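Numbering (the numbering used here), first residue to last: 1097 to 1341.
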């Protein structure tokens, strides 16, 4: 282990550049010198339309790894239990999509059962490709309440499909969500997240605008063309600096 640590430190400190996914990731790292930021990118679907039924009957959705602690799924389910009365009264739903992770699927079912919210919360297997596209198209708000995150590609893809997002600071994009007004930010607590859930349901008129803002957000920051050009320019700069040594 000590030898591997030494090798790692040597590689890091003698590197010409270290690539991070986000500014938050760089700030939280103990190595910040010679660093560049190249985020994940995504494609923007064509001809997106916000269907009225999606706003009338709100469908919250999470698509991703079911790592209960890292993704904050335990706190998310607590929040929906606190907002249960409003969820039921408005016929809103939450669906969690993702493959099992070391027994997490069963554990999530247990949490749902404990809170007695299985009438409006569903725990399902992962969705991919066309099925994933269809799921995003039929959902209203993407939720991700991570404790920590590198760069949430699932969230970025959801925004590209016009879904505003409910996030916590641990997702690493909460400041961007606030800046582009493409969603809602809660602190990492059941009560704070529940308050935002209730707010979303009681203020449905906000959804169409934030949906458009979500597409604009990804188009400006995470469209693959933009990400690729930025990466190439930064790589060129690193190479030029190397040859100047």
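Just so you know, even glycine gets a beta-carbon here, dropped at the ideal spot from N, CA and C. These numbers were taken from a predicted model, which means no experiment stands behind them.
Beta-carbon to beta-carbon, residue 1159 and residue 1204 are separated by about 14 angstroms, too far to satisfy the 8 angstroms threshold. Fewer than three Cβ pairs drawn from the stretch 1208–1217 and the stretch 1317–1335 lie within less than 8 angstroms of each other, which leaves the two stretches out of contact. In the same chain as residue 1239, and ignoring 5 residues on each side of it, the C-beta atoms closer than 6 angstroms to its own belong to 1156, 1158 and 1262, in chain order.
Residue environment for residue 1179: buried (at least 16 other C-beta atoms within 10 angstroms of its C-beta). When the beta-carbon positions are compared, residue 1196 and residue 1170 stay at least 9 angstroms from each other. Along the stretch 1152–1196, the beta strand (DSSP E) occurs as fully enclosed runs of 3 or more residues at 1155–1159 and 1189–1193, listed in sequence order. When rounded, the separation of the alpha-carbon atoms in residue 1308 and residue 1126 is 37 angstroms. Under the DSSP definition of a beta bridge, residue 1262 partners with 1239 and 1280.
For residue 1319, the CB contacts under 7 angstroms within the same chain, skipping 5 residues up- and downstream, are 1137 and 1140 in chain order. Between residue 1154 and residue 1311, the C-beta spacing is not below 9 angstroms. In this structure, the straight-line span from the alpha carbon of residue 1123 to that of residue 1185 is close to 43 angstroms. With a threshold of 16 other beta carbon atoms within 10 Å, residue 1098 falls short and is exposed.
Here residue 1101 is exposed: its Cβ has fewer than 16 other Cβ atoms, across all protein chains shown, within 10 Å.
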